[in-house]
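Using the numbering used here, you'd call the opening residue of the sequence shown number 162 and step up by one each time.
C-beta: ideal position from N, C-alpha, C; glycine also.
Because the structure is a prediction, the values reported are computed rather than measured.
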Amino acid sequence: MEFELAPGRLSIPSLSALAAFEAAARHGSFTRAAEELNLTQGAVSRQVAHLELVLGVALFQRVRKRVSLTPAGAAYATEIREGLSRLAAATVSAMAFRGATGVLHLAILPTFGTRWLIPRLPRFTERHPGITINFTTRLVPFDFSREQVDAAIHFGDPVWPGARLHRLMGEEVVPVAAPALIARIGLASPADMLRAPLLQQSTRPRAWANWLEQQGLPPERALMGPRFEQFAMVSQAAVAGLGLAIVPRFLVEEELRAGSLVIPFDRPVAGSGGYYLVYPEARAEWPAVIAFRDWLLEECAGPTG
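Pasting the structure below:
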């Protein structure tokens, strides 16, 4: 088993040895690792033993027939698992280039992606049929250098170190509720809304307080209601009659058209942040990123943006 890449260069273990170690670390068993990799238990044991010899450090503690990671082994397993995951993702990306002109790994906000972006995406694929977009979800900023992501849709302030940001749109929030709830509590004025639960969205903790203050109402009850992580959950809770929600208008257009939600008082409040397309400087000249950026900015500037 040869680990040397070239004279004078750092010795890097073979992928087979690293895969054997990662599987054994994950399962806490050489036998189960062997079953996963279609190897014998002895082959996995030899791979790990040789890896320990090359590294000069024990990765496992062996007590009778059981093995457990040493502190060095646990730290190494975390890094190797991440590295193998990145290699797997890179391999899939390379394979996606067969017959394509580019691949874009895009991180999106879940509700923005399902309610706004994906319904418009056929126009992008029609214009750029050779570009494949792979989606993942992220709720907060992250380090592009540690993720298999080329660009992201971000809500908040235009701050993301080492990246370029393009403002897509602002956010106008309105109160919404199910017709049955409105009929039950009798909403004659905004003050009547305080008799119902106010559904909360985790990433917009000030949304209700801002809206109530604009109506001249005390904000003390602004946080009195169940909390949800995503707008999709908040809007569905409102449809179910669990309370009133305050959401971006464009994210509940479907429910408003269907009548499952209504706006009892159409007094919109501008959100405190904005939606941005973000990508690292290292991706600024990538054709797939440029194509998606230009199309997305065009969509946001259009009448349906």
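Worksheet item: THR293: which of LEU457, PHE453 and ALA344 sits nearest, CA to CA?
Response: Cα-wise, what sits closest to THR293 is PHE453.
Worksheet item: Mind checking GLY189: buried by the 16 CB within 10 Å criterion, or exposed?
Response: The residue is exposed, with fewer than 16 neighbouring Cβ atoms inside 10 Å.
Worksheet entry | Spatially closest choice to SER396 from GLN309, PHE273 and GLY291, by CA coordinates | The residue from GLN309, PHE273 and GLY291 with its alpha-carbon nearest to that of SER396 is PHE273.
Worksheet item: Which of helix, strand or coil does DSSP assign to LEU270?
Response: LEU270: coil per DSSP, three-state reduction.
Item to complete: Kindly indicate which residue of ALA462, ARG207, ALA352 and GLY463 has the alpha-carbon position closest to the one of LEU378.
Response: That would be ALA352, whose Cα lies nearest to the Cα of LEU378.
Discussion item. For SER421, tell me which candidate among ALA339, GLU446 and VAL408 has the shortest Cα-Cα distance.
Written reply: Looking from the CA of SER421, the closest CA among ALA339, GLU446 and VAL408 belongs to ALA339.
Worksheet item: Closest by CA to PHE233, which one among ASN295, ALA219 and GLY435?
Response: For clarity, residue 233 is Ala in the given sequence; the question names Phe instead. It is ALA219 whose Cα lies nearest to the Cα of ALA233.
Worksheet item: Using the rule of at least 16 other Cβ atoms within 10 Å of the residue's Cβ for burial, across every protein chain shown, is VAL224 buried or exposed?
Response: Counting of Cβ neighbours within 10 angstroms places VAL224 among the exposed residues, the total staying below 16.
Discussion item. Since VAL205 and LEU216 should fall inside the 8 Å C-beta cutoff, what is the C-beta to C-beta distance between them, to a whole number of angstroms?
Written reply: Cβ atoms of VAL205 and LEU216 stay farther apart than 8 Å, at about 16 Å.
Worksheet item: Cα separation between SER229 and GLN222?
Response: If you draw a straight line from the Cα of SER229 to the Cα of GLN222, it comes to about 5 Å.
Worksheet item: In the structure shown, what three-state DSSP assignment does SER246 receive?
Response: Looking at SER246 - three-state DSSP - the assignment turns out to be helix.
Discussion item. Tell me the DSSP secondary structure of ALA399 in three-state form.
Written reply: Per DSSP, reduced to three states, the secondary structure at ALA399 is helical.
Worksheet item: Roughly how many angstroms lie between the CA atoms of LEU265 and THR192, to the nearest whole one?
Response: Spanning the two alpha carbons is a distance of roughly 39 Å.
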